[in-house]
Amino acid sequence: MPKPRKMQVSLDATPYYHCTSRCVRRAFLCGFDMVTNKDYEHRRQWVEDRIHLLAEVFCVDVCAYAVMSNHLHLVLHINQQKACALSDLEVCQRWHRLYKGTLLTQQFEQGKALTRAEVEAVKARIEVWRAQLHDISWFMRALNEPIARMANAEDNCTGSFWESRFTSQALLDEKALAACMAYVDLNPVRAKMAATPEDSEHTSIKLRVTQAKNKKQQPTCLYPFVGNPRQPMPEGLPFKLADYLELVDWTGRAIRADKRGAINTSLPPILSRLAIPTAEWLTLTTQFEQRVSTFAGSERAIRLAAEVLGYKKPPGVGQAKRFFA
0 MPKPRKMQVS LDATPYYHCT SRCVRRAFLC GFDMVTNKDY EHRRQWVEDR IHLLAEVFCV
60 DVCAYAVMSN HLHLVLHINQ QKACALSDLE VCQRWHRLYK GTLLTQQFEQ GKALTRAEVE
120 AVKARIEVWR AQLHDISWFM RALNEPIARM ANAEDNCTGS FWESRFTSQA LLDEKALAAC
180 MAYVDLNPVR AKMAATPEDS EHTSIKLRVT QAKNKKQQPT CLYPFVGNPR QPMPEGLPFK
240 LADYLELVDW TGRAIRADKR GAINTSLPPI LSRLAIPTAE WLTLTTQFEQ RVSTFAGSER
300 AIRLAAEVLG YKKPPGVGQA KRFFA
């Protein structure tokens, strides 16, 4: 039986989570359906645009994403500190970009005079929204619901478009985070939808590579790379952008059958720092979901997270000893 979300997500364990949503039965999110001869490729842009919008509105940072034919992957970072730092007006403005809110909250945003009782009602509502703005369940809901409505309208049908729940995996340490991000970014390469990571349309790696090639700042809709851990540590991913791009490129070439002969000629620095053997790394970046259960990370990190979330038996300890020792 699936674990309730409160037993899978805890900021005391980690702020990083890998989320996946899949279409029901034969429903096509994107791509070309060989049975019906319908092309749904344009829907990829629907999803990518929505992800970029939600990254601006929510205090949930997008680390990586990939839009596939019948499912999508996201690596998310819950930024509770950012949500708590927002003013009441900022929370209201962000929420109203997605939802209508109430008459009182609309009047509050417009700066109209409110009675004391009305102000208290608005503040109570805003505190609810503040919590929801750093909730990955609300993020995924705000992503999936509009896409489902648009797809059903286009298909002239009703009913469920997505499976009932999105899946989530807690990424407990740097090794798990790097492996999962590379796994997500390389999904199109493994599915033979693209020859190289930089050719993978509608993925975070494509966006990062494009910005890097044009010598621009890192994409504002994605959680930035800020370099290796140090003190004081800026807010962002604990890797160097150049190292990560090199790692994804190396891994993308290594998992292709015609390139396996020379995979060990030059290991990217990030892989050496994370101390993951190449064989285990390639297994993780091609089979992450199959090899990892609810938690991804070292045995110690899994045991601590399981204790925080009230698990009687820590899941995935055996795999952790192999891949994240």
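Residues 0 to 324 (numbering that gives the first Met the number 0) make up the sequence shown, in order.
Beta carbons: idealized from backbone N, C-alpha and C, even for Gly.
Exercise for review: Would you mind stating whether residue 244 and residue 208 have Cβ atoms separated by less than 8 Å?
Suggested key: yes
Checklist entry - Of the residues 307, 182 and 287, which one's Cα is nearest the Cα of residue 62? => result Proximity to residue 62 across 307, 182 and 287 peaks at 182, based on C-alpha coordinates.
- Query: Hey, residue 22 and residue 66 are a contact pair by Cβ (cut 8 Å); roughly how many whole angstroms apart?
  - Reply: So it is not a contact: roughly 12 Å between Cβ atoms.
Under DSSP, the alpha helix (DSSP H) around residue 172 begins and ends at which residues? Where residue 172 is concerned, there is no enclosing alpha helix (DSSP H), given that its DSSP letter is neither H nor E.
Practice item. Go through the segment 154-237 residue by residue and report every complete run of the alpha helix (DSSP H) that reaches 4 residues or more, in order. Key: Secondary structure within the segment 154-237: the alpha helix (DSSP H) runs of 4 or more consecutive residues, fully enclosed, are 173-184, 186-189 and 203-212 (chain order).
Bridge partner(s) assigned by DSSP for residue 57: Beta-bridge pairing links residue 57 to no other residue.
If you draw a straight line from the alpha carbon of residue 275 to that of residue 112, how long is it in whole angstroms? 60 Å
- Just reading off the alpha helix (DSSP H) that residue 95 is part of, what are its end residues? 87-95
### Task
May I have the straight-line CA-CA distance separating residue 60 from residue 225, to the nearest angstrom?
14 Å
- prompt: Looking only at DSSP bridge pairs, what is residue 295 linked to?
  reply: Beta-bridge analysis with DSSP links residue 295 to 170.
I think residue 185 touches residue 250, with their Cβ atoms under 8 Å apart; what is that distance to the nearest whole Å? 6 Å
>> If you reduce the DSSP assignment to three classes, tell me which class residue 98 lands in.
In response: Correct three-state label for residue 98: coil.
- Spatial neighbours of residue 68 in its chain, beta-carbon cut-off 6 Å, leaving aside the 5 residues before and after: 29 and 30
Go through its chain and collect everything with a Cβ distance to residue 106's Cβ below 7 Å, but skip five positions before and after it. 113
key: For residue 12: DSSP bridge partner residues   = None, per the DSSP bridge assignment.
Q. Could you give the distance in angstroms between the alpha-carbon of residue 76 and the alpha-carbon of residue 176?
A. Roughly 10 Å between the two C-alpha positions.
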